[in-house]
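For the sequence shown, full-length UniProt numbering assigns the number 1 to the initial residue and increments by one for each residue that follows. This report concerns only the one structure given below.
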Amino acid sequence: MSGVVCAPMHLEAAALRAPGVRVLHTGMGPRRAAESARRFTGTTPVLVAGIAGGVTDSVRPGDLVVATEIDGPDGPVPLRSAPLLAGALRRLGLTVHTGPVASAESLVDGTEREGYAARGALAVDMESAQFATVPGPLAVVRAIVDTPEHPLWRPGTVRRGLTGLRSLRAAAPALREWCEAAGRGEILRASPRSFCAGVDRAIEIVERALERYGAPVYVRRQIVHNIHVVRRLEDMGAVFVQEVDEVPAGATTVLAAHGVAPSVRQAAAAKDLRVIDATCPLVTKVHNEVRRYSSRGDTVLLIGHSDHEEVEGTVGEAPEQVVVVEDASAARHVRVRDPEKVAYAMQTTLAVDEAEEIASVLRERFPAMSAPRRDDICYATTNRQRAVRAVADSADLVLVVGSANSSNSKRLVEVARRQGPPAHLVDDVSEVDMRWLAGARRVGITAGASAPPHLVEELTRCLAGLGRTTVRDSQVADEDIRFTLPREVG
Ligand code: SF4
């Protein structure tokens, strides 16, 4: 069911009318708002939109405030879909703040604003609180007209009023998106999802290195492929570099989870760096295989993506003998020195079915080819792909939390799409396009092995705020793997 935009004043309703937007004029002030709110007895999504007063100078006339909470009869009421709505408004180029919106009995001016600001509010209106108990999804957007610096009833108030109304008009497409995205439904969460043992270990290594050796601790490349993880560690004192030649001599340096070529270790040794290796032990296993095969003279066919850091590091073990095979077509054409002396290995984060297809082409062409003793695609990649496949089977849409440079996250999107529903990769809720959610009753969620679990929780909360209030976890495997830490931080 599509939602309704409730506008207290005629002028606001006129500004918000746009194709596809159902606007209801609900009347100004608490009494008329309460009368209107009582009409919503079902699960119709309601979006209250209008102008308001700013109570701090952090908001300016014409800015939009998306309420994260409003006043309710028994205290603050959280509005959980706020980050999604704020993201859509920002994509329209509007200036958007998120925070509490308070409601007053009458217009607020002068020192009264300070009281609301002291409570943490960004804006104050006269109607939102009356809608706090509507049974369906609820959102509130207010365009700022007056602020402490630009109070009411001064020259310029009319101009600022028009600025606020213009912002509402510009916001209408995003409000329509919210109205179409909101509605009842469920969330299907794939499990296992999010951090794997190798990522947990790599992050803990940097945290412990900072504790033991003090900031700065240098990290070659992103410790794991996730921007949220990187930013958090930067805030703690980690300094991320591309190459070890950017690190001052003797400094503490962590090598990222994806592994490095021996030449990187040599460069670090030449600078006398205190090196702590966060390479995942399952990547190290692949390096060891490549060393073993190449030392006996084999050509090593490495199934993987040549631009990925893990592959770059693995190739570095024997650059003359390793040939990267990216797809089945490359597997059909690859040339080797001696077909009797061939082995293969794989990047750890590939799509299991695609990698197997490539391997079977190679096996057919090189029957004597040596294979890894155990699968190179790691347990975490395999489990997350099985889990997302199970969820995608019955979802209308799948959202994968992960960064664009995360190989295993991108593979989860591909695996989900192969099951049928549309699937999208998002770094966090701010990247979710609400148009994807229109008509999607069952939304599947997962996260790549490098994406923090709290991002999945945040996405779950936002979708619940849109009406997908039933949450089901679909567990396909238990994971209790832990890797030991290197002695430098153990
Ligand atoms: S995805 Fe697999 S190989 Fe990569 S860090 Fe995690 S456990 Fe290790």
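The beta-carbon is built from N, C-alpha and C at its ideal position, and this holds for glycine as well. In this text the structure is predicted, and so the values were computed from the model without any measurement.
- The way I'd put it, the stretch 314-326 does touch the stretch 250-264; three or more beta-carbon pairs between them come closer than 8 Å.
- For V322, the uninterrupted beta strand (DSSP E) run begins and ends at 322-325, by DSSP.
- Here G259 carries a coil assignment [DSSP, helix/strand/coil].
- Rounded to whole angstroms, the Cβ separation of L412 and V429 is 17 Å, and the two are not in contact under 8 Å.
- Of the candidates A331, T43, H225, A170, H225 places its Cα closest to the Cα of G198.
- The shortest CA-to-CA distance from G27 to any of V46, L463, S36, N405 is the one to S36.
- The criterion of a C-beta distance shorter than 8 Å is satisfied by V275 and T253.
- Under the DSSP assignment, D125 falls in the beta strand (DSSP E) whose first and last residues are 123-125.
- In the structure shown, V134 falls within a coil segment according to DSSP collapsed to helix, strand and coil.
- Around the beta carbon of P248, fewer than 16 other beta carbons lie within 10 angstroms, which makes this residue exposed.
- A straight line joining the alpha-carbon of V286 with that of T349 spans about 12 Å.
- DSSP places A86 in the uninterrupted alpha helix (DSSP H) bounded by 82-91.
- By the Cβ test, the stretch 328-335 is not in contact with the stretch 307-314, since fewer than three Cβ pairs between them sit closer than 8 Å.
- With 16 or more other Cβ atoms from the protein chains shown falling within 10 Å of its own Cβ, V59 counts as buried.
- A distance criterion of 7 Å places the beta-carbon of N226 beyond contact range of the ligand SF4, judged by its closest non-hydrogen atom.
- Here V398 is not near S194, since their CB atoms are 8 Å or more apart.
- Remark: the shortest separation between the CB of A380 and any heavy atom of the ligand SF4 falls under 7 Å.
- Relative to the Cα of D235, the nearest Cα in the group L255, A451, T163, V206 belongs to V206.
- Bounds of the alpha helix (DSSP H) holding M236 are 227-236.
- Distances from the CA of D200 to each of A449, L466, D478, R113 were compared; the closest alpha carbon is that of A449.
- Taken through DSSP and simplified to helix, strand or coil, Q419 comes out as helix.
- V96 has its alpha-carbon roughly 54 Å from the corresponding atom of R291.
- Look at A257: its beta carbon is less than 7 Å from one of the heavy atoms in the ligand SF4.
- A residue is called buried when at least 16 other Cβ atoms come within 10 angstroms of its Cβ; N408 meets this threshold and is buried.
- Annotation for L282 indicates a beta carbon within 7 Å of some heavy atom of the ligand SF4.
- Note on geometry: alpha-carbon atoms of R487 and G136 lie some 55 Å from one another.
- When only Cα atoms are considered, T56 and Q130 end up about 23 Å apart.
- Per DSSP, R176 is not a residue of any beta strand (DSSP E); the alpha helix (DSSP H) it occupies stretches across 157-181.
- Within the DSSP secondary-structure output, Q475 pairs in a beta bridge with S191.
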